[in-house]
Amino acid sequence: MKKTIKKSFAVLLVLLTVVCIMPISSRAVTTDIPSDAVEFNGHYYKIYESKILWKEAKQSCEDNGGYLVTITSKEENEFVKQIVADSGLNSIAYGGYYDADSDSWKWVTGERFDFTDWGPNEPNNNALHKEYFLEIYSDPNYTLKWNDCNENTLGGYICEWEKKTVPTGYNFLRDSYSFRNFSVSIDNEFFQKLYGNGAGFDLWRERRNQGGVCFGMTYTTASLLNGYPDCGEIRKIFLLNDDIFSVSSTVKIGRHTYSIKDYITYAQIYQFSSEFQQDSAWTDINTIYDCVKAYLQENKIGVTIGMTRKDGKEGHRVLAVGIEGSNILIDDPNNTKDLERITVGDNGEWSFSGFSGWNNETCWIRYSTDYNMPYQVLLSETQLGVSGNSNERTTPFSLETKNVNRKQNLLTVSNDMNISLPENSIEIIVDDYNSTTQSGNKQFWINEDSVFASTGVAQKGEVRCAGNDVVLSATITEESNVILTLDDEQANIKIDSIESNDYTVSVVYFPDERTAVEVQVSGVADGDSVTAEKTADGMVVNGLNNITVKYLKDDIEVGNTIAEVKDGREVNITVDESKDTVKTDFVGEQTEDICGYCGKVHGTSFKEVLIKFFHRIFYFFVKLFGLKK
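Following this note's numbering, the numbering of the sequence shown begins with 317 at its first residue and continues without gaps.
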């Protein structure tokens, strides 16, 4: 794993602003390695004679910028063995240890534990004596062979170094954040500021609880290191916070001042834009290594690396800040104490030291160099959306479309839905392979005004389409079709329904800059068609009987009511946000007002109202005179 990386891909360098917080230099600097260390194949080794415990030896090597020696080839093993033989010592600590969770031996660097040179009957993993550490040992039965040992005192240890290259002036403890990656439920206003009211609100509903903000921390670290927002602001952060980025720091971007936490949050949700998708490329580790090295030759940090588990369970984003032999040095938001490493091996193999078992077999890997884009968006005060198409991603959906046009809408679908769109109109925005949101839905940016969706036999699904200031949605049952149309002039839903099946239609609109009002209507289809159309303060629904109306503000239900509708009559539903009330108006009939959200409408015509009134009078006297318990 320590062979020279082959330069198999050409790297296109991105022009970056001069790094203002670091002294300008034509080349990066390398790690200090002891002058008496001996070199083999680009690695340096030194043996220390000391009565020491294995964990103390490990810490000593790391304190000196190296690591407890690891052996990954026969040639390296013979070279290091000769160093031990020349020392005359017989119990020397190596950097291997037994990991009980995976029931396997590992190297402290995260490299593959493939090559071994165990003595007879070793390792015996003697649990009684806690033999969980690796040493090279010599006695009549062991001729400098590996042995698993306990934490008893060893006779010495070997440290190993690789040349570490980082930009001139870079210091991890100073230039990384002083707080760990934090989990956050992101407020709606962040999404709506970057993506507009409709699309931002629907993104927020699906992605507000994404876990840690490693993406945001990685992007803002790179942005600040490279002079965005500007060098003066970064120096101010240093002066106020003892040369450490702090969550309480602020930066001025354009006309506004943001806390570092807010800046991180905006960068975090930038990953859902199509702009990010077009820049961030799934690739092989050698291409990433070459790109990091090219940036270092310009004395710059500018490559972020994303890893996504192939089982779809987790993803992580980190910042590449240097190289060390075949390692990529990593500033990881999950580690505030020291750098992590991505070890690059032969044939595209790699492993990440930050998480156990994260490697080329378990994860996809990608990289990006657009770290300053969230800053540019905030500076220009523009909203994100679709800036192009991608034909690199495929979906399991069928192909059909209505009213092909030029819209930038956000499409959200559940897994049971079949969506029909042409390939060049869709841009998947999930940031990993075959992923869904936490609710199990998929989301896409589309250039369409109208979307056709359907369900199969015994299936039920939801489809939503979000524009600038409106979100339409429909939940349909088996073997039904729906068309959602959303453009500057109309916002409506048409369902090819099945009589007596349940359906739900919904419209979200924004009476002011931030408040999201949703009217959701559920009912039973009266025939083969259900329609809904947005109005200025609600929606008009036709084709549903016995409806339930829900009224929500910012995704929180304020109240609900029930209306007995017959013959699928057209119902006009209006909302009064100031009083938090909703009213149903049956077209062609006398209007009956719903008292806020606490009452039920049992009839609509004047005759029906009178009948209900006399029924209540009758039951009042029945109870009054004790005729009925």
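Each residue gets a CB set at the ideal place from its N, CA and C atoms; glycine is no exception.
Any non-hydrogen atom of the ligand NAP within 7 Å of residue i CB
i: Ser-403; result: The ligand NAP is absent from the structure shown, which contains no ligands of any kind.
Bridge partners - residue i, DSSP secondary structure assignment
i: Gly-631; result: Thr-624
i: Ser-736; result: Phe-768
i: Asn-525; result: In DSSP, Asn-525 forms no bridge with anything.
i: Gln-650; result: Looking at the sequence provided, one finds Asn at residue 650 rather than Gln. Per DSSP, none; premise fails for Asn-650.
i: Val-887; result: Val-857, Phe-902
i: Cys-530; result: Beta-bridge pairing links Cys-530 to no other residue.
i: Asn-643; result: Glu-640, Thr-659
i: Phe-449; result: Tyr-413, Cys-465
i: Cys-475; result: Lys-362, Leu-384
i: Lys-869; result: Val-833, Ile-872
i: Arg-682; result: Trp-598, Gly-622
i: Leu-726; result: Trp-761, Ala-782
i: Thr-877; result: Val-865
i: Glu-849; result: Asn-808, Val-856
i: Phe-395; result: According to DSSP, which records beta bridges pairwise, Phe-395 is partnered with nothing at all.
i: Ala-373; result: None, per the DSSP bridge assignment.
i: Trp-434; result: Trp-462
i: Trp-423; result: Gly-412
Close Cβ partners of residue i (< 6 Å) along its chain, the five nearest in sequence each way excluded
i: Phe-531; result: Gln-584, Gln-587, Arg-633
i: Gly-426; result: Thr-659, Ser-667, Ser-669
i: Thr-791; result: Glu-778, Thr-820
i: Arg-524; result: Ser-501, Ile-502
i: Trp-520; result: Asn-504, Phe-507
i: Cys-377; result: Tyr-383, Leu-384, Cys-475
i: Val-354; result: Tyr-361
i: Arg-885; result: Phe-902
i: Trp-421; result: Gly-412, Tyr-414, Phe-429
Short Cβ contact (8 Å threshold) for residue i with residue j
i: Met-623; j: Ile-681; result: yes
i: Tyr-825; j: Gly-839; result: no
i: Ile-762; j: Leu-802; result: no
i: Val-951; j: Val-887; result: Here the chain covers residues 317 to 945 and nothing more, so residue 951 does not appear.
i: Val-779; j: Ile-814; result: no
i: Thr-301; j: Thr-534; result: Outside the modelled stretch of the chain, which goes from 317 to 945, sits residue 301, for which no answer is possible.
i: Ile-601; j: Gly-516; result: no
i: Asp-795; j: Thr-771; result: A quick correction: the sequence has Glu, not Asp, at residue 795. Closer than 8 Å, so yes.
i: Glu-438; j: Trp-462; result: yes
i: Lys-890; j: Gly-854; result: The sequence given here places Thr at residue 890; Lys does not occur at that position. In this structure, Gly-854 lies closer than 8 Å to Thr-890 by Cβ.
i: Lys-850; j: Val-823; result: yes
i: Leu-737; j: Ser-589; result: no
i: Asn-797; j: Pro-649; result: no
i: Val-835; j: Val-856; result: no
i: Asp-491; j: Leu-541; result: yes
i: Gly-641; j: Gly-358; result: yes
i: Asp-595; j: Thr-685; result: yes
i: Ser-366; j: Gly-528; result: no
Cβ distance (whole Å) where residue i is taken to contact residue j below 8 Å
i: Asn-393; j: Phe-449; result: About 18 Å separates the two Cβ atoms, so there is no contact after all.
i: Val-400; j: Ile-408; result: 5 Å
i: Pro-288; j: Ile-617; result: Here the chain has residues from 317 to 945 only, and residue 288 is not among them.
i: Leu-470; j: Ile-368; result: 6 Å
i: Tyr-453; j: Asn-406; result: 6 Å
i: Asn-817; j: Ala-848; result: About 16 Å separates the two Cβ atoms, so there is no contact after all.
i: Asn-688; j: Tyr-544; result: 5 Å
i: Ser-494; j: Phe-561; result: 6 Å
i: Ile-809; j: Ser-845; result: About 11 Å; that fails the 8 Å criterion.
i: Leu-655; j: Ala-538; result: Not quite, the Cβ-Cβ distance comes to about 15 Å (not below 8 Å), so this is no contact.
Own chain partners of residue i with C-beta closer than 7 Å, once the 5 adjacent residues on each side are dropped
i: Ala-597; result: Arg-682, Tyr-683
i: Lys-609; result: Ile-639
i: Lys-718; result: Low per-residue confidence applies at Lys-718: pLDDT is 31, beneath 50, and the placement is therefore not dependable enough to give any value.
i: Ser-755; result: Glu-522
i: Tyr-579; result: Thr-536, Val-567
i: Asp-518; result: Leu-726, Thr-728, Arg-780, Ala-782, Val-787
i: Asn-862; result: Gly-839, Val-840, Glu-880, Val-881
Sequence-distant residues of the same chain with beta carbon closer than 8 Å to residue i, five excluded per side
i: Asn-441; result: Tyr-414, Glu-447, Tyr-448, Asp-464
i: Tyr-582; result: Phe-506, Lys-509, Leu-510, Gly-532, Tyr-574, Pro-690, Val-693, Leu-694
i: Val-424; result: Lys-374, Tyr-383, Leu-384, Thr-386, Gly-411, Gly-412, Tyr-413
i: Ala-807; result: Gly-783, Val-786, Leu-788, Thr-801, Val-823, Glu-849, Lys-850
i: Gly-435; result: Tyr-453, Asn-457, Tyr-458, Lys-461, Trp-462, Asn-463
i: Asn-676; result: Ile-601, Gly-664, Glu-665, Trp-666, Ser-667
i: Ile-569; result: Pro-545, Tyr-579, Tyr-691, Leu-694, Leu-695
key: Segments assigned beta strand (DSSP E), at least 3 residues, entirely inside the segment 551 to 615   = Counting only runs that start and end inside the segment 551 to 615, the beta strand (DSSP E) elements of at least 3 residues fall at 566 to 569, 572 to 575.
message = List, from N- to C-terminal side, the beta strand (DSSP E) runs of 3 residues or more that fit wholly inside the segment 480 to 525.
response = Runs of beta strand (DSSP E) with 3 or more residues, each lying fully within the segment 480 to 525, are found at 480 to 482, listed in chain order.
ask   = Whole beta strand (DSSP E) runs in the segment 768 to 832 with 3 or more residues, listed along the chain?
value = Counting only runs of 3 or more, we get 777 to 782, 786 to 792, 797 to 802, 807 to 812, 818 to 825.
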